[in-house]
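Visitor: Residues 7 to 873, numbered by UniProt numbering, are exactly what the sequence shown covers, in order.
Glycine included, every Cβ here is placed at the ideal spot set by N, Cα and C.
Nothing here was measured: the structure is a model prediction, and the numbers come from that model.
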Amino acid sequence: NAVIRREDYQPPLYRITDVALNVHLDPENTEVEARLHFQRLGSEPVSALHLDGESLELLSVLRDGQPLAENLFRSDATGLTLLNPEPEFLLETRVRIHPAANSTLSGLYFAGGQFLTQCEAEGFRRITYYLDRPDCLAKFTVTLHASRKTCPVLLANGNCIAQGDEDNNWHWARWEDPYPKPAYLFAMVAGDLAVQRDVFVTQSGRSVALEIYVAARDLGACDQAMVSLKRAMRWDEEVYGREYDLDRYMIVATDSFNMGAMENKGLNIFNSKYVLASPETATDTDYQGVESVIAHEYFHNWTGNRVTLRDWFQLSLKEGLTVFRDQEFSADMNSRGVQRIGDVRRLRAAQFPEDAGPLAHPVRPDAYSEINNFYTATVYEKGAELVRMIHTLLGKEGFRRGTDLYFERHDGHAVTIEDFVEAMEDANHYDLSRFRRWYSQAGTPQVKAEGSYDPARRSYTLTLQQFTPATPGQSNKEPVPVPVRMALLNTQGEKAVLDKTGATEKVILLEQARQSWTFEDLPDPVIPSLLRGFSAPVRLDIALDEQARSFLAGVDDDPFNRWESTQELALKSLLAGVKNHQELEALPAALEQALSATLKQSQMDPAFRAELLTLPSEDYIGEQMQVIAVDAIHQARETLLDTIGAHFHDEWLGLYQDLAGAYERDGASIGRRRLRNMALSYLIHSDHSRHEDMTLHARQQYVQADNMTDRLAAFQLLVQHPKHDAEDILLDFYQKWQDYPLVIDKWFAIQAMAPRPDTLRHVQHLLVHPAFDWRVPNRVRAVLGAFSMNPTMFHAADGSGYVFFAEQIRRLDDINPQTAARLATPLSRWQRYDKVRQQGMMNALQLLAAKTNLSRDLAEVIQRSYP
Ligand code: DPP
Ligand code: ZN
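In structure tokens form, the structure reads like this:
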């Protein structure tokens with residue numbers, strides 16, 4: 007497979023000024039007529055101009071109104087090449103495509119009775135011949151034709167400028183997008199959709215029509231999406247001074263979508279998971295997902311659409327920045343501390359392992375063979391952390407000056423990460439030259455901290471060292487600037503004054519491999535609170551004894567670090583449990599103290615309390631080990647859960663009873679539900695030693711719940727309980743919710759993630775369940791994706807999980823390569839396991855490599871995983 011390199015970038019030979027499409031929508035055979043105005047960009051004659059095209063049946067090609075002679079073009083599986091094109095010409099092509107047969111969900115496809123498009127990254131070439139690259143910006147006019155009966159709604163980007171009827175009960179609509187855009191932002195939709203409408207009045211007083219298109223029966227489930235959209239629009243005005251620019255903003259929901267959502271200009275297409283939410287069907291987490299993805303896609307209108315990408319290597323320019331923006335939006339809408347903990351948890355769960363394995367790549371990659379494989383946690387989440395560090399270094403106002411200049415300079419252009427960094431520098435007269443290494447260097451830096459207090463000098467000296475491990479293709483790493491937000495806490499738990507300005511918190515910048523700082527005038531010994539708010543995406547290694555950790559867990563006023571200290575205490579116990587294979591007889595004192603203090607803090611935000619009481623996941627524990635000890639980790643964690651459950655049994659029962667309350671949607675109620683469900687989980691874990699059956703509480707909650715958060719929490723505890731027989735509940739749940747695909751996805755996923763010996767057998771049955779559908783990515787992810795995240799059963803020592811999984815990925819690759827390649831990535835982590843499991847995972851990769859018609863997507867993942 008051809009490798010595309012960033013250094014080989016060449017500007018396009020031609021520009022396309024106008025695009026007019028005429029699309030006759032039929033599920034089996036759709037015809038697309040395209041009229042493209044080409045203008046040569048340079049003065050030199052061009053011998054061949056290649057237009058991208060894939061899976062297109064060419065029906066006719068005209069140049070300036072005349073059929074193009076056969077010796078003036080070539081067409082093959084990659085597109086249409088025009089030979090010796092004029093400096094300026096009109097190209098008219100007609101192609102046939104097959105939306106119903108398109109199971110890749112890229113390009114134009116027909117699913118659930120609707121015509122939909124997905125053009126990012128390179129889907130537009132599956133609709134018509136084109137310069138399908140993000141630096142080719144053009145004005146689009148689109149005319150859709152379809153049956154009035156099956157497709158009463160016809161949508162595309164921009165404004166609807168005309169519509170009418172035609173023969174055979176068909177109709178048409180013409181849409182015009184006044185903003186030149188790259189083809190990846192093109193969209194059209196046709197189907198039988200209901201719409202929820204609202205209006206947003208912008209800062210400058212313009213009214214924008216807001217429209218959310220869903221299936222008629224989902225109309226009642228759009229409120230969260232609409233409210234979130236309006237909040238996001240207001241927030242972008244207030245925080246970034248950015249107003250929406252069209253008269254209409256449309257969102258369409260579909261069950262068949264490869265990604266979370268897509269920011270097509272004026273016409274977002276969403277996975278229904280991030281649009282639909284009602285208390286009966288969506289959990290609190292689902293509601294938050296809707297809020298953040300709606301905001302994310304909206305924010306792309308400026309960071310991605312108005313200012314777009316020069317090439318796909320710049321993907322993080324829009325994604326890292328937009329994730330940072332949506333994280334900050336969610337922090338402003340909810341609790342900032344809890345939001346940050348969740349963001350870091352996700353970063354550590356997905357990005358750190360990626361950055362430490364064979365798929366590691368820089369935030370700005372250097373090469374790819376299939377760009378769809380680079381929509382990664384590194385490009386998104388680490389990219390967002392880099393933007394966050396720039397924000398930390400420049401301060402809120404400085405960062406805003408930087409974005410103002412970025413928009414002023416680059417509005418309407420296709421630019422690079424370098425352009426963004428330069429705007430930040432120029433607006434602040436700040437040198438980010440070393441900072442750029444963060445974009446080019448893969449791997450998670452490790453920062454080692456050592457500090458000592460000198461009573462004679464009344465000073466504290468802090469030494470930081472950094473080291474980035476080698477990653478594929480990058481053996482030598484240079485130091486990167488690491489902003490470390492810090493404070494020093496005295497024995498009373500107060501923050502000490504750090505310098506002459508009286509600051510009690512500051513950001514120090516570790517730029518060298520090793521640096522020291524001395525803080526003077528400290529009358530008492532201090533304990534450092536470093537990397538507050540997780541100010542840099544690094545692994546911090548700090549030698550603090552249990553006493554100091556436990557102290558910080560009790561007094562640190564930085565929510566992230568307070569949480570981190572508790573996690574570290576728990577992690578220490580867990581790792582000891584893994585090593586000793588022995589049951590923890592009693593809770594270690596420091597952990598007991600930290601948990602006990604949190605349990606007593608009834609005034610504290612319940613969501614934050616729940617975070618403090620959550621144990622690190624099995625994956626996170628595994629990440630800290632040289633060789634991931636699958637079974638011992640599971641055993642140690644279960645044992646600690648049992649111990650904590652039993653030790654605080656009365657407290658858990660108290661919380662469970664006290665936190666009961668009628669369903670509300672505000673933040674405090676969400677936090678209470680979260681804490682109460684955590685209490686229920688610990689209560690069930692307390693059974694083991696108390697010989698009481700706490701699953702009765704769960705059964706009762708399952709039956710009586712008036713909302714999905716509580717019902718699902720109980721359902722999950724019962725279904726995943728290793729000893730409980732939950733057949734009746736599984737059946738009941740399915741019968742109740744069978745008409746709600748998003749709920750049934752949960753039903754599938756919870757079974758696939760159960761840490762039970764019979765899980766693989768269950769999963770095999772789920773694949774032949776009537777509700778399973780290979781063509782719906784949400785459903786496939788609910789079974790195969792969930793199973794691959796099952797820490798014990800996917801990694802069963804006999805290799806059965808791997809073989810089964812590889813066989814399914816083979817099958818999926820013929821249907822939807824993009825999703826197959828994405829799902830296959832857990833196999834890349836084989837080096838982290840013991841020899842037997844390594845062999846099993848490599849066998850699975852080999853099984854995939856041997857497949858006939860291996861997609862480019864999957865081939866690249868396998869090749870990089872197992873070079
Ligand atoms: N739809 C994806 C996102 O918004 C790709 N742009 O992140
Ligand atoms: Zn995005």
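1. Tell me, please, whether the stretch 378 to 392 touches the stretch 348 to 359 by the rule of three or more beta-carbon pairs shorter than 8 angstroms.
2. Output the residue ranges of the alpha helix (DSSP H) runs that lie fully inside the stretch 210 to 250 and measure 4 residues or longer, sorted by chain position.
3. Write down the C-beta distance between R712 and Y669 rounded to the nearest angstrom, noting that I regard them as a contact closer than 8 angstroms.
4. Cβ of T682 within 7 angstroms of Cβ of Y708?
5. Looking at C-alpha atoms only, which residue of L646, V725, D332, G660 is the closest neighbour of H691?
6. Do you know offhand how far E50's Cα is from L57's?
7. For the stretch 14 to 34 and the stretch 148 to 157, state whether three or more C-beta atom pairs, one from each stretch, are separated by less than 8 angstroms.
8. Let's see if you can read the secondary structure: which residues bound the alpha helix (DSSP H) around G560?
9. Pull up the CB-CB distance for C166 and W178, whole angstroms please, since I reckon it's below 8 angstroms.
10. Look up H151 in the DSSP assignment and give the residues it is bridged to.
11. Roughly how many angstroms lie between the CA atoms of P475 and G449, to the nearest whole one?
12. So L78 and L89 are supposed to be a Cβ contact under 8 angstroms. How far apart are they, rounded?
13. Consult DSSP for G113 and reduce its assignment to one of helix, strand or coil.
14. Using the C-alpha atoms, what's the distance from A196 back to I275?
15. Under 7 angstroms, do S109 and I815 count as touching if we go by C-beta distance?
16. Could you give the first and the last residue of the continuous alpha helix (DSSP H) run that contains Q41?
17. How many Å lie between Q472 and M847 at the Cα?
18. May I ask you to report which of helix, strand or coil DSSP gives I627?
19. Roughly how many angstroms lie between the CA atoms of R41 and F95, to the nearest whole one?
20. Let's see if you can read the secondary structure: which residues bound the beta strand (DSSP E) around V258?
21. For S53, which residues of its own chain have a beta-carbon under 8 angstroms away from its beta-carbon, when the five flanking residues on both sides are left out?
22. In whole angstroms, give me the CA-to-CA distance for S623 and D292.
23. Return the first residue and the last residue of the beta strand (DSSP E) that A493 is part of.
24. Given this structure, state the Cα-to-Cα distance separating N163 from Q632, to the nearest angstrom.
25. Which term fits D664, buried or exposed, when burial requires 16 or more other beta carbons within 10 angstroms of its beta carbon?
26. When DSSP labels each residue in this structure, what does E456 get in the three-state scheme?
27. Tell me whether M265 counts as near the ligand DPP, meaning its Cβ is closer than 6 angstroms to at least one heavy atom of that ligand.
28. Given a cut-off of 7 angstroms, decide if R316 and D141 are closer than it, judged by their beta-carbon atoms.
29. Report yes if the C-beta distance between V584 and A642 is below 7 angstroms; otherwise report no.
30. So, at 8 angstroms on beta carbons, what are the nonlocal neighbours of Q845 in its own chain, with the 5 sequence-adjacent residues on each side left out?
31. For E733, name the three-state secondary structure that DSSP assigns.
32. Determine whether the beta carbon atoms of L618 and W658 lie at a separation below 7 angstroms.
33. Could you give the DSSP three-state label for Y185: helix, strand or coil?
34. Could you tell me how far apart the beta carbons of G266 and V299 are, in whole angstroms, since I believe they sit closer than 8 angstroms?
35. Would you mind reading off the limits of the alpha helix (DSSP H) that contains L833?
36. For V842, count neighbouring Cβ atoms within 10 angstroms of its own Cβ and tell me buried if that reaches 16, exposed if not.
Guide: In short, the structure shows the following:
1. Judged by Cβ distances under 8 angstroms, the stretch 378 to 392 makes contact with the stretch 348 to 359, as three or more pairs qualify.
2. 229 to 246
3. Looking at the sequence provided, one finds Asp at residue 712 rather than Arg. Contact holds; Cβ gap of about 5 angstroms.
4. The sequence as given places Arg at residue 682; Thr does not occur at that position. Not in contact: R682 and Y708 (Cβ atoms no closer than 7 angstroms).
5. L646
6. 19 angstroms
7. yes
8. Where G560 is concerned, the enclosing alpha helix (DSSP H) stretches over 552 to 561.
9. The pair is not a contact, with the Cβ atoms about 11 angstroms apart (cut-off 8 angstroms).
10. H30, W178
11. 6 angstroms
12. 5 angstroms
13. Residue state, collapsed to three classes: strand.
14. 12 angstroms
15. no
16. The question names Gln, yet the displayed sequence has Arg at residue 41. Under the DSSP assignment, R41 falls outside any alpha helix (DSSP H), being part of the beta strand (DSSP E) whose first and last residues are 36 to 46.
17. 33 angstroms
18. helix
19. C-alpha of R41 to C-alpha of F95: approximately 10 angstroms in a straight line.
20. 254 to 260
21. L89, N90
22. 20 angstroms
23. First-last of the beta strand (DSSP E) with A493: 488 to 496.
24. 51 angstroms
25. exposed
26. Strand.
27. Proximity of the beta carbon of M265 to the ligand DPP is indicated: a heavy atom of the ligand is located closer than 6 angstroms.
28. R316 sits close to D141, with the two beta carbons spaced by under 7 angstroms.
29. yes
30. Excluding positions up to five away in sequence, the list reads G805.
31. Reduced to three states, the DSSP call for E733 is helix.
32. no
33. strand
34. 5 angstroms
35. Careful: L833 lies outside any alpha helix (DSSP H) and carries neither H nor E.
36. Exposed.
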